[in-house]
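Asker:
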Amino acid sequence: MKNQSTSPPANAGQRIHEIDIIRGMALWGILIVNMALFSFPALHMDQSDFWHGNLDQWTIKLIHFFGEGKFISVFSFLFGLGFSIFMKRAEMKTDSPKKLFSRRLFILLLIGLLHGYFIWYGDVLLFYSVLGFMLMFFWNSTPQRLLTWAFYLLIIPVSIFIVGGLIFGSSFFAEDPGVLLQKKEMAWNAIAVYQKGDLSGIFQQNLLDLRDTRLGYLSIAPQIFAMFLLGAYAGVRKIFDNLKEHESLIRNVQVGALIIGLPIGIASTLYLNAPTNSLSFNLMQVAGTYIAGPTIGIFYICSIILLLRKETWKIILKPFTAVGKMAATNYLLQSLICLFLFSGFGFALYSKVSPFYTFLISIAIIGFQILLSNLWLKHFKYGPVEWIWRYLTYKN
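Going by this note's numbering, the first residue of the sequence shown is number 1000, and it counts up by one from there.
1. In the structure shown, what three-state DSSP assignment does PRO1040 receive?
2. Considering Cα atoms alone, identify which of SER1247, ALA1233, LEU1108 and LEU1077 is closest to LEU1305.
3. Could you tell me which whole beta strand (DSSP E) segments of length 3 or greater appear in the stretch 1122-1205?
4. For the putative contact between ASN1281 and GLY1177, defined by C-beta atoms under 8 Å, what is the C-beta separation to the nearest angstrom?
5. Under 8 Å: do the stretch 1216-1234 and the stretch 1278-1295 share three or more Cβ pairs, one atom per stretch?
6. Check each candidate in PHE1039, TYR1151 and LYS1313 and name the one with the smallest Cα separation from LYS1351.
7. Going by beta carbon distance, what residues of the same chain come within less than 6 Å of ALA1041, once the five residues before and after it are set aside?
8. Measuring only the C-alpha atoms, how far is GLU1017 from PHE1171?
9. Alpha carbon to alpha carbon, how far is LEU1370 from ILE1031? Give it in angstroms, no decimals.
10. Assign PRO997 to buried or exposed, taking buried as 16 or more other Cβ atoms, counted over all protein chains shown, within 10 Å of its Cβ.
11. For SER1302 and GLN1253, which I take to be in contact (beta-carbon distance under 8 Å), what is that distance rounded to the nearest angstrom?
12. Using beta-carbon positions only, say whether ASN1329 and SER1267 come within less than 8 Å of one another.
13. Taking the alpha carbon of PHE1202 as the point to measure from, which residue in TYR1381, TYR1116, VAL1285 and ASP1094 has its own alpha carbon closest?
14. Please list, in chain order, all residues of the same chain as SER1279 whose beta carbon is under 7 Å from its beta carbon, the five residues on each side excluded.
15. Consult DSSP for ALA1273 and reduce its assignment to one of helix, strand or coil.
16. Return the CA-CA distance between PHE1312 and PRO1142, expressed in angstroms with no decimal places.
17. What is the DSSP secondary structure of HIS1051, reduced to helix, strand or coil?
18. I need the boundaries of the alpha helix (DSSP H) containing TRP1388, first residue and last residue.
Here's what the structure looks like:
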């Protein structure tokens, strides 16, 4: 009988450093995209309607093309891959790997609740933990089943929107004028609240924004779960166990993902300035979310793996390893830093810093996190949040 209570951590084996580097780089990409939400009421107002300078307009478009939907796809893929690795190793240590993973997810859920309600409404950890419980139904699934489900989860939403758009036209996507006016009012209210710095007001505004964010996450749940399944597929196939052996497959997937994702990503970016109630705008954004986001995200993963085959790129990207090892800590730290920078009880920069400069701020933040993470891991084995998470998971 295997001893569950005294078993060592399920990922106590050798770490796959490529995963840490990809995770660290994805964390920077997520920060770049999230800066719009940290610094501006982007939930309720389009940045391009507020910042009219050419530099800012180009920044918005480039972040949309390179970042939106792509880095969260990478992170979701890694979550699914991590699930597969965790469960395989847990099976060798305990009779109840699902119970162990459930405990891990429950702790993540608690962290997400605290983060979302008390720090920043854009929290994704709670969302991941809920979908993670669903992922356990796919443990021991065949690779073919994982691929099939991932494919349908990506294709069905796009098909529904395309068919609905073709049948009903732009009215299928149209928002009530009253709702649009309400969004505009909410945007200006958010600016006033976050700039003022009253803790009670910020907390209440955060709760309002949290509600809308949860609804937004529901709309991309199929995409996120599909990437979970693709990550689990890579784990079942043991692709990351021997990357050299799978190099040909990785190159083929890289090319295929680029061929599919690039034209759709370009089209969805070019249509950003189209009327938001038009059929073309909405169809392009749906395709950008469900097709370009995942495929370009997969292209990024493959590209980083192949770059790391070269010694020069290993040296260049190695600093991101520590950021990836402390991903949970760094994700929460980004929220704390930005809360202080943009809210009224800090520097009160909310809606005062344009997209180009928030991009520069993101470079400074990730640079700081690279230095901090590497320094921390010289003295400790885990980041502080990772240590708490592991301690509560394994109870030792």
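No residue lacks a Cβ here, since even glycine has one placed at the ideal position from N, Cα and C.
Answerer: Let's see:
1. Coil, per DSSP.
2. Nearest of SER1247, ALA1233, LEU1108 and LEU1077 to LEU1305, Cα basis: SER1247.
3. Listed in chain order, nothing qualifies, since the stretch 1122-1205 has no complete beta strand (DSSP E) run of 3 or more residues.
4. The distance from the Cβ of ASN1281 to that of GLY1177 is about 19 Å, inconsistent with a contact at the 8 Å cut-off.
5. Under the three-pair Cβ rule at 8 Å, the stretch 1216-1234 counts as touching the stretch 1278-1295.
6. Ranking the options by Cα distance to LYS1351, first place goes to PHE1039.
7. Non-local beta-carbon contacts of ALA1041 in its own chain, meaning distances under 6 Å to residues more than five positions away in sequence, involve ALA1035 in chain order.
8. Near 43 Å, if we compare the C-alpha coordinates of PHE1171 and GLU1017.
9. In a straight line, the C-alpha of ILE1031 is about 18 Å away from that of LEU1370.
10. Lying before the first or after the last residue shown, residue 997 is absent from the chain, which here runs from 1000 to 1395.
11. For a cut-off of 8 Å, the C-beta gap from SER1302 to GLN1253 is around 6 Å, short enough to register as a contact.
12. Cβ atoms of ASN1329 and SER1267: not closer than 8 Å.
13. Ranking TYR1381, TYR1116, VAL1285 and ASP1094 by Cα distance to PHE1202 puts TYR1116 first.
14. The answer, listed in chain order, is TYR1270 and ALA1273.
15. Correct three-state label for ALA1273: coil.
16. The question names Phe, but residue 1312 is Trp in the sequence shown. Distance between the alpha carbons of TRP1312 and PRO1142: 31 Å.
17. DSSP places HIS1051 in coil when its eight states are reduced to three.
18. That run of the alpha helix (DSSP H) goes 1383-1393.
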